[in-house]
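Take a look at the structure set out below.
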Amino acid sequence: MKKVIAVILFILFCLFIRIAVGELCIVPSGSMEPTLLCGDRVWIDKITYGARFPTRWADIPVINVFTWIRPLREMDRNTHWKYRRLPGIGYPEVGDIVVFNSPESTDQLLVKRITRIKKKNDTLHVRRDNYLFLRKLIAEEGCDVRMRKRSVYINGICDSIYGLKRTYYYVEGDNSADSRDSRCFGYIPETLIVGKFNYVLFSVNNLGNKGKKIRFGRFFYKITR
1 MKKVIAVILF
11 ILFCLFIRIA
21 VGELCIVPSG
31 SMEPTLLCGD
41 RVWIDKITYG
51 ARFPTRWADI
61 PVINVFTWIR
71 PLREMDRNTH
81 WKYRRLPGIG
91 YPEVGDIVVF
101 NSPESTDQLL
111 VKRITRIKKK
121 NDTLHVRRDN
131 YLFLRKLIAE
141 EGCDVRMRKR
151 SVYINGICDS
161 IYGLKRTYYY
171 VEGDNSADSR
181 DSRCFGYIPE
191 TLIVGKFNYV
201 LFSVNNLGNK
211 GKKIRFGRFF
221 YKITR
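Per UniProt numbering, the sequence shown runs over residues 1 to 225.
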C-alpha cells in the first residue's frame, strides 16, 4: 500500500512540475535561427509569467491521453474553462522569447520573440491605412468592426478610437524569411502565452543519413535578447 501511495504522490508531483513550473520542449524548425537551432532542447519557464490553469482536459498531462480518442478529442475542443493564471514574478517584455498556442491552431505550440506590445487600456486610433491590421485586434475582444464610406464603426457606432481591455503581443521569428508569425496572424492575446525560454539545456543536430550529433557548445546555453 505504501508503494502505491508513493507512486501516486510521485505522479502528482510530476503533474505539478509540468503544469506550474515548466516542461521540456524540442525546437522543431529554424524559424528562430540563429538564436535557437532545430533540435535544441529548451526548458519552458512557466514561473516568470505565472502558469496558466488548464482550460480543457487536453491541457492536463496523463488525463489528456483520453483525448487521443477521436470522439473525446472532438468533444474536448468545445471545452473552454475560464482563463486563470498563477501570480508571476514578471511580465512579458519586448525581446523575450515566448512559447504560445498558435491562434490558427491552438493545439500547436509556437516559439517567437516579442517585438511589440499593446497594453491594456492603450488607445487605438483606427484609420484607413491600419484598418485591416487593427480590426483583428479589436475583433479579438468581441467587437464588430466595419468601415463604411471611409468611416470606422465599432459595434455599430461611428468611432475610430478604441481602448483595449487586455494586453496583446506582436511576435516574430528571428529568421524572418522562414517564420509564420504575427505578420500572418496579427497580435496574440496574453491568454495564449504558455511561458518563456531562458536556456537551452542541450542540443541535438540531426544529420539525416549520417545520424545525430550532440552540439557540445550548447549545453546550458543562455538565450540572450
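Glycine is no exception: its CB is placed at the ideal position from the N, C-alpha and C atoms.
List the DSSP bridge partners of Leu72.
Your numbering for residue 72 matches position 72 in the sequence shown. Answer is none; Leu72 lacks a bridge partner.
Exposed or buried, Arg135, counting other C-beta atoms within 10 Å across all chains shown (16 or more means buried)?
Walking along the sequence shown from the start, residue 135 turns up at place 135. Burial call: buried.
Expressed to the nearest angstrom, what Euclidean distance is found between the alpha-carbon atoms of Gly88 and Arg150?
In the sequence shown, residue 88 corresponds to position 88, counting from 1. In the sequence shown, residue 150 corresponds to position 150, counting from 1. Cα to Cα, Gly88 sits roughly 43 angstroms from Arg150.
Contact defined as beta carbons within less than 8 angstroms: I believe Leu124 pairs with Ile138. What is the distance between those atoms, to the nearest angstrom?
By 1-based counting over the sequence shown, the position of residue 124 is 124. By 1-based counting over the sequence shown, the position of residue 138 is 138. With 8 angstroms as the limit, Leu124 and Ile138 qualify as a contact, their Cβ atoms being about 7 angstroms apart.
Indicate whether Asn205 and Gly39 have their beta-carbon atoms separated by less than 8 angstroms.
In the sequence shown, residue 205 corresponds to position 205, counting from 1. In the sequence shown, residue 39 corresponds to position 39, counting from 1. The answer is yes: Cβ separation under 8 angstroms.
Judging by CA-CA distance, which residue of Ile11, Phe10 and Leu24 is the nearest neighbour of Leu201?
Here residue 201 refers to the residue found at position 201 of the sequence shown. Ranking the options by Cα distance to Leu201, first place goes to Leu24.
Would you call the stretch 187–203 and the stretch 44–56 touching, i.e. three or more CB-CB distances under 8 angstroms?
yes
Just to confirm my understanding: we take Glu140, look at its own chain, exclude 5 residues before and 5 after, and list those with CB closer than 7 angstroms. What are they?
Residue numbering aside, residue 140 sits at position 140 when the sequence shown is read from its first letter. Closer than 7 angstroms at Cβ, skipping near neighbours: Pro189.
Report yes or no: do the stretch 60–70 and the stretch 207–220 share at least 3 C-beta pairs separated by less than 8 angstroms?
no
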